[in-house]
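Please read the structure below before turning to the comments.
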Amino acid sequence: MRLDDYDAILCDLDGCLISGTTVLPGAKDVLDAAGDRLVILSNNSTDTPETLSRRLQAMGLCVPPERIVLAGTAALDHLAGFSDARICLYGSEALRDYAHRLGLTLTREAPTHVVLTRDETYGYAQLRETLGLIASGAQLVVANPDVSHPGPDGTPVPETGSLLSAILSVHPELPYVIIGKPEPGLYRNALTRFKEGVGRVLAIGDNPRTDAEGAARLGFDFALVGPHIGIGSGLQWFLDNWVRSGA
């Protein structure tokens, strides 16, 4: 089976194409081979498609914003559909700017929703504030459930799911909404980027709990990559042994 067999290729970011500021082996070759059929589909909840596109460009990977779908901005897009939404957003400046451009009201005074993303400033004070806002009636919206993504030196980088775990350790029965993978909405969002209807879809990822589970829910073919499963250097192994060989 080869990339040419697919109408759409949905590829994860961290651990597949890049690790921090490092481009992973095989990433550029897969992007070149897939062309416009590839959309980056990531649980990233720090960047916007525009900021990520610029960051990738600086690393030598050319992916326009319209071919990037991210959990953080998707969460804000989701809430923009609620006319009365008042949001407490724990997130990056890029996401805050994005929320303002959507016309969302950002507030810590009686919000209707608390939006949790990978906020590197989130600590004890923010945890107490989150629990208080939820107790007052705010709904918790979580960009993604990933507890970590792989760092350049192999050390796990804490993700949004690690912050969620802190909240659930205090309030284990708390209901919440997840926007990113493995939920199907992010995948369907990605498929809207194709003007023509798509037939066969391939998802590529390094996380069985989110990438593989999400693809399975929608019946997509899936390729699991990454050194943690003992097959060498992620996409490079995939490129050499699955794509080029037609395995």
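For the sequence shown, this note's numbering assigns the number 1226 to the initial residue and increments by one for each residue that follows.
Heads up, the beta-carbon is just placed ideally off N, CA and C, and yes, glycines get one too.
Any idea what DSSP makes of Arg-1311, helix, strand or coil? DSSP places Arg-1311 in strand when its eight states are reduced to three.
Which one of Leu-1256, Ala-1335, Ser-1244 has the shortest CA to CA distance from Pro-1381? Proximity to Pro-1381 across Leu-1256, Ala-1335, Ser-1244 peaks at Ser-1244, based on C-alpha coordinates.
Let's test the definition: count the other Cβ atoms within 10 Å of the Cβ of Ala-1283 and tell me whether it reaches 16, buried, or not, exposed. Counting the other CB atoms within 10 Å of its CB gives Ala-1283 a total below 16, which places it among the exposed residues.
For Arg-1262, the nearest candidate out of Thr-1332, Ser-1278, Val-1288, Ala-1441 (CA to CA): When Thr-1332, Ser-1278, Val-1288, Ala-1441 are compared, the shortest CA-CA separation from Arg-1262 is found for Val-1288.
Check for me: the beta strand (DSSP E) holding Pro-1383 runs from which residue to which? For Pro-1383, the enclosing beta strand (DSSP E) stretches over residues 1381-1383.
Using beta-carbon positions only, say whether Arg-1235 and Ala-1415 come within less than 7 Å of one another. Correcting the residue identity first, residue 1235 is Leu in this sequence and not Arg. A contact, by the Cβ cut-off of 7 Å.
CB contact flag (Ser-1267, Leu-1286, <7 Å): For Ser-1267 and Leu-1286, no; Cβs fall outside 7 Å.
Answer with yes or no whether the minimum CB distance from Val-1264 to chain D is below 7 Å. In the displayed structure, chain D is absent; only one protein chain is listed.
Should Glu-1384 go down as buried or exposed, given a rule of 16 or more other Cβ atoms within 10 Å for buried? In the assembly as shown, Glu-1384 is a buried residue. Its beta-carbon has 16 or more other beta-carbons within 10 Å.
For the beta strand (DSSP E) that contains His-1338, what are its first and last residues? Taken as a continuous stretch (DSSP letters only), the beta strand (DSSP E) holding His-1338 covers 1338-1341.
Backbone CA spacing between Glu-1275 and Leu-1314 [nearest angstrom]: Taking C-alpha positions only, Glu-1275 is separated from Leu-1314 by approximately 19 Å.
Rounded to the nearest angstrom, how far is the Cβ of Leu-1304 from that of Leu-1329, given a contact under 8 Å? Confirmed, Cβ separation roughly 6 Å.
Check Leu-1327 in the structure and name its three-state DSSP category. Three-state DSSP puts Leu-1327 in coil, outside helix and strand.
Would the beta-carbon of Pro-1397 fall within 7 Å of that of Ala-1363? For Pro-1397 and Ala-1363, no; Cβs fall outside 7 Å.
Nearest to Ala-1413 by CA position, among Asp-1272, Leu-1249, Ile-1293, is which residue? Checking the displayed sequence, the identity of residue 1413 turns out to be Arg instead of Ala. Minimum Cα distance to Arg-1413 is reached at Ile-1293.
Is it the case that the Cβ atoms of Asp-1436 and Gly-1451 are separated by a distance below 7 Å? For Asp-1436 and Gly-1451, no; Cβs fall outside 7 Å.
Apart from the five residues just before and just after Ala-1428, which ones in its own chain have a Cβ nearer than 6 Å to its Cβ? Correct list, in chain order: Leu-1235, Ala-1440, Phe-1445, Phe-1447.
Straight-line gap, Ile-1456 to Leu-1249 (C-alpha atoms, nearest Å): With a pLDDT of only 37 at Ile-1456, under the threshold of 50, the placement of this residue in the model should not be trusted; the figure read from the coordinates follows. When rounded, the separation of the alpha-carbon atoms in Ile-1456 and Leu-1249 is 14 Å.
DSSP state of Tyr-1347, grouped into three classes? Reduced to three states, the DSSP call for Tyr-1347 is coil.
Span separating the alpha-carbon of Leu-1443 from that of Pro-1409: Approximately 7 Å between the Cα atoms of the pair.
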